[in-house]
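Protein chains in written order, with this note's numbering: chain A, 51 to 402; chain B, 51 to 402.
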């Protein structure tokens with residue numbers, strides 16, 4: 051965070067985002083629902099997937115690339131699985147609806163799996179994987195990334211995205227275990243950040259189309275990201291793409307548009323969520339106690355020399371959430387300026 | 051494969067394994083079911099997870115560590131989720147039963163998720179993830195590895211296994227897409243192979259308890275495997291452990307025994323399988339045609355210089371299966387000798 055960064059209370063950020071979406075044409079309740087989820091992303095520390103995306107979201111709505119008043123509907127419905135059509139609405143709305151449906155199905159049958167098509171970028175994967183937690187369920191989320199930055203292993207053509215996977219498991223006294231990861235070594239947002247800062251990228255983040263290491267983030271367009279574990283990360287990205295994209299008749303491979311550049315075009319983003327009810331397996335309280343014990347075994351296990359602390363997946367994000375709820379969301383100068391520009395463009399009161 | 055390797059027709063290998071398990075006390079049908087799956091592992095090219103494990107399996111049965119005549123039963127049953135108790139039977143039998151139940155549930159409700167406890171090592175993950183394929187379903191499989199070889203990220207105590215994940219997606223004219231991976235850079239079997247051959251391991255496979263690179267495979271006990279993508283592979287292993295182990299009241303973390311050394315002890319291995327029916331989303335034929343097109347887009351995309359071919363996950367394994375079905379399973383001299391020893395020990399006709 052730069053020294054010129056200030057803090058904004060979550061509530062203030064939420065009402066600003068709500069105003070912006072209402073001005074962009076969303077119904078009040080929808081604007082508020084998207085704003086809440088975007089602020090939750092910032093609270094969780096997903097700085098590249100929260101309010102920073104507002105200018106792009108608004109640009110896409112105004113360019114006709116996203117439908118401000120979607121009719122989200124169930125295309126196919128079985129007792130434990132369903133397919134939704136998001137009608138090109140904001141991804142947050144589509145995925146919220148999908149998560150609710152998955153949770154209902156899990157209550158009734160033990161597990162619910164809901165896929166969506168004609169959705170859009172929905173922020174960080176953890177937002178949705180964690181929705182089942184309060185119902186004593188495990189959440190699993192898969193999405194097709196909103197850009198292709200990853201080629202097949204051995205290839206030089208980016209036909210795959212940094213397709214994220216998130217799984218959230220409830221704990222008792224401990225924070226929930228929340229894995230939220232893309233199958234690439236670095237997220238594309240980190241590449242952009244390096245470019246902004248004029249820094250070189252470490253070896254292993256990207257290669258160029260000849261397969262040579264690419265460390266200049268300004269040349270990112272001339273290459274692509276590298277998957278974790280070589281062919282393994284490629285396989286993960288591909289499989290996530292099939293589960294979240296192909297199965298839902300959403301865009302995958304050559305059909306994925308560049309949602310930053312092609313603002314007027316529908317992305318047909320695909321996502322999927324599963325909610326798995328713990329009570330099939332044991333009483334939820336018993337499970338959470340077992341998870342607490344396991345978390346502590348991991349945290350208190352022998353450390354490598356020089357390591358201060360062993361973290362559980364999602365633990366740092368949870369700590370950030372507590373801190374930011376208390377002290378506000380960091381607001382770097384550049385971000386505030388871009389939000390001010392959105393306010394002017396939409397004719398709404400600015401954040402300040 | 052060494053020059054002293056010969057080929058054994060799959061049928062011959064299958065009847066040898068069946069004989070061995072019958073002699074070890076398994077009912078005929080169970081012995082045959084395990085033999086079929088073990089040979090399928092070898093046909094698929096999972097040389098470290100097929101018949102090579104027979105001596106250990108027999109040793110564990112004879113030492114009382116595995117129950118030859120289990121009463122596999124359903125502990126909890128909901129319309130789309132269930133928990134099985136494997137009664138410490140061979141993992142192959144427990145997981146076959148679990149996959150069948152998951153498929154039945156997916157037929158009835160759209161998706162079926164079945165977890166198992168008191169199971170055992172069941173061979174390669176792909177065996178079970180591919181079972182739903184012939185029913186036009188996608189299969190997902192998660193397992194707790196049968197040994198702890200991976201510490202948390204930053205830790206030096208192996209509290210996690212090379213917990214495998216497999217996902218299988220049906221195609222039409224193309225082979226199915228089958229991802230079968232552990233979240234570590236190298237499998238432990240590869241380390242053993244390097245030790246046998248007297249070769250050094252590449253950097254990045256293992257580190258010692260001080261965090262220093264470990265390249266001598268004979269010193270493998272002094273260190274641990276490294277996860278793919280650093281903390282990401284750690285997170286994957288942990289989450290797979292929660293889904294396959296903790297949720298099923300199976301062993302995880304400190305409760306995981308060393309199933310190679312503690313042959314007389316029940317492992318309480320946990321596994322989970324999900325079957326997801328494609329027909330909720332679209333007719334299976336339409337889906338398979340789309341997958342075929344996507345596979346060809348990937349395969350025919352631009353290659354990096356020097357790359358001959360882009361492979362899909364599971365494609366090389368599928369090619370091996372066709373080749374080995376036609377020409378037999380490779381049988382290196384050392385493996386044959388270990389099988390001869392099993393035959394002598396059990397008083398059955400040898401493979402030759």
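Ideal Cβ placement from N, Cα and C applies to all residues, glycine included.
**Message:** Taking 6 Å as the limit between beta carbons, can you name the residues of its chain near residue 374 of chain A, skipping five residues before and five after?
**Reply:** Taken in chain order, the residues that qualify are 93.
**Prompt:** Exposed or buried, which one is residue 236 of chain B when buried takes at least 16 other CB atoms within 10 Å?
**Reply:** If you draw a 10 Å sphere on the C-beta of residue 236 of chain B, you find 16 or more other C-beta atoms in it, and that means buried.
**Message:** Starting from residue 319 of chain B, trace the beta strand (DSSP E) in both directions and tell me its first and last residue.
**Reply:** Element bounds for residue 319 of chain B: 319-327.
**residue 211 of chain B: contacting residues in chain A (beta-carbon distance under 8 Å)** = Residues of chain A passing the Cβ test: none, with the nearest at roughly 13 Å.
**Request:** Check whether the stretch 128-136 of chain A touches the stretch 152-159 of chain A, counting contact only when three or more Cβ pairs, one atom from each stretch, lie closer than 8 Å.
**Result:** Contact between the stretch 128-136 of chain A and the stretch 152-159 of chain A is present, because at least three Cβ pairs lie under 8 Å.
**Contact with chain A by residue 282 of chain B, beta-carbon distance below 7 Å** = Cβ-Cβ to chain A under 7 Å: yes for residue 282 of chain B.
**Request:** Give a yes or no on whether 7 Å exceeds the smallest Cβ distance from residue 51 of chain A to chain B.
**Result:** With a pLDDT of 43 at residue 51 of chain A, under the threshold of 50, the modelled position of this residue cannot be trusted; read the value that follows with caution. Using a Cβ-Cβ cut-off of 7 Å, residue 51 of chain A does not count as an interface residue toward chain B, since no Cβ of chain B sits closer than that to its own.
**Request:** Could you name the residues of the same chain whose beta carbon sits closer than 7 Å to that of residue 118 of chain A, not counting the 5 residues immediately before and after it, in chain order?
**Result:** For residue 118 of chain A, where only same-chain residues beyond five positions count, the Cβ hits under 7 Å are 74, 75, 76, 111.
**Prompt:** Do you know how far the Cα of residue 287 of chain A is from the Cα of residue 359 of chain A?
**Reply:** Straight through space, the alpha carbons of residue 287 of chain A and residue 359 of chain A are spaced by roughly 30 Å.
**Prompt:** Which value, in whole angstroms, describes the spacing of the CA atoms of residue 205 of chain A and residue 273 of chain A?
**Reply:** Spanning the two alpha carbons is a distance of roughly 11 Å.
**Message:** Relative to the C-alpha of residue 177 of chain A, which candidate in A:231, A:384, A:361 has its C-alpha closest?
**Reply:** Minimum Cα distance to residue 177 of chain A is reached at A:231.
**For residue 189 of chain A, three-class secondary structure by DSSP** = In this structure, residue 189 of chain A counts as strand in the three-state DSSP scheme.
**Request:** Just the chain A side, please: which residues come within less than 9 Å of residue 255 of chain B by C-beta, in chain order?
**Result:** For residue 255 of chain B, there are no neighbours in chain A by C-beta distance under 9 Å, as the nearest C-beta there is about 12 Å away.
**Message:** Using a Cβ-Cβ cutoff of less than 8 Å, which residues in the same chain neighbour residue 377 of chain B once the five nearest sequence positions on both sides are dropped?
**Reply:** Scanning its chain for C-beta atoms nearer than 8 Å, with the 5 sequence neighbours on each side dropped, one finds around residue 377 of chain B the residues 57, in chain order.
**Stretch pair the stretch 168-177 of chain B + the stretch 316-323 of chain B: three plus CB contacts closer than 8 Å** = Result yes; three or more Cβ-Cβ pairs closer than 8 Å.
**Request:** Whole angstroms is fine: what's the gap from residue 309 of chain A's alpha carbon to residue 214 of chain A's?
**Result:** Their Cα atoms are separated by approximately 16 Å.
**Request:** For my contact list, residue 134 of chain A and residue 125 of chain A are in at a C-beta cut-off of 8 Å; report their separation, rounded to the angstrom.
**Result:** With a Cβ gap of about 7 Å, residue 134 of chain A and residue 125 of chain A count as contacting.
**Item:** Own chain, CB closer than 7 Å to residue 91 of chain A, minus 5 neighbours either side, in chain order
**Value:** Cβ neighbours of residue 91 of chain A beyond the five flanking positions: 99, 100, 173, 174, 177.
**Item:** 8 Å contact criterion, which residue 340 of chain B and residue 296 of chain A should meet: CB distance rounded
**Value:** Contact holds; Cβ gap of about 6 Å.
**Request:** Using only alpha-carbon positions, find the residue among B:389, B:390, B:366 that is nearest to residue 96 of chain B.
**Result:** Residue B:366 is the option with its Cα nearest to residue 96 of chain B.
**Prompt:** Using the beta-carbon of each residue, which ones in chain B are nearer than 8 Å to residue 198 of chain A?
**Reply:** Neighbours of residue 198 of chain A in chain B, taken as residues at a C-beta separation under 8 Å, are lacking, since the least C-beta distance is about 11 Å.
**Helix, strand or coil at residue 81 of chain A [DSSP, three-state]** = Three-state DSSP puts residue 81 of chain A in a helix.
**Asked** What's the C-alpha gap between residue 160 of chain A and residue 355 of chain B?
**Response** C-alpha separation (whole angstroms): 49 Å.
**Message:** Suppose the cutoff is 6 Å on Cβ atoms and the five residues either side in sequence are ignored; what does the same chain contact list for residue 222 of chain B look like?
**Reply:** The residues are 338, 339, 342.
**Boundaries (first-last residue) of the beta strand (DSSP E) holding residue 308 of chain B** = The continuous stretches of beta strand (DSSP E) do not include residue 308 of chain B, and DSSP gives it neither H nor E.
**Asked** How is residue 56 of chain A classed by DSSP in three states: helix, strand or coil?
**Response** Strand at residue 56 of chain A.
**Message:** If the cut-off is 9 Å on Cβ atoms, which residues from the stretch 343-367 of chain B count as contacting chain A, listed in chain order?
**Reply:** For the stretch 343-367 of chain B, the beta-carbon criterion of a distance under 9 Å to any beta-carbon of chain A is satisfied by 343, 344, 347, 348, 349, 351, 352, 353, 354, 355, 356, 357, 358, 359, 360, 361, 362, 363, 364.
**Message:** Helix, strand or coil, according to DSSP, for residue 217 of chain A in the structure here?
**Reply:** Residue 217 of chain A falls in the strand class under three-state DSSP.
**Request:** Could you say which of B:63, B:106, B:72 lies nearest to residue 87 of chain B if we only look at CA atoms?
**Result:** Residue 87 of chain B has its Cα closest to that of B:63, out of B:63, B:106, B:72.
**Request:** Please state whether DSSP places residue 397 of chain B in a helix, a strand or coil.
**Result:** Coil, per DSSP.
**Asked** Interface residues of chain A around residue 332 of chain B at Cβ under 7 Å?
**Response** What residue 332 of chain B touches in chain A: 299.
**Asked** Can you list, in chain order, the residues of its chain whose CB lies under 6 Å from that of residue 349 of chain B, leaving out five sequence neighbours each side?
**Response** Close CB contacts of residue 349 of chain B within its chain, under the 6 Å cut and outside five residues either way in sequence, are with 360 (chain order).
**Request:** Quick one: using the 10 Å Cβ neighbour count with 16 as the cut-off for buried, is residue 389 of chain A buried or exposed?
**Result:** Result: buried.
**Asked** When we look at the beta-carbon of residue 52 of chain B and count the other beta-carbons within 10 Å, is it buried (16 or more) or exposed?
**Response** Residue placement at residue 52 of chain B cannot be trusted, given a pLDDT of 46 that sits under 50; the coordinates are not used to answer.
**Beta-carbon separation (whole angstroms), residue 284 of chain B vs residue 163 of chain B, contact threshold 8 Å** = Incorrect: roughly 24 Å between the Cβ atoms, too far for contact.
**Asked** With respect to the alpha helix (DSSP H) encompassing residue 371 of chain A, which residues constitute its N-terminal and C-terminal limits?
**Response** Residue 371 of chain A -> alpha helix (DSSP H) spans 365-377.
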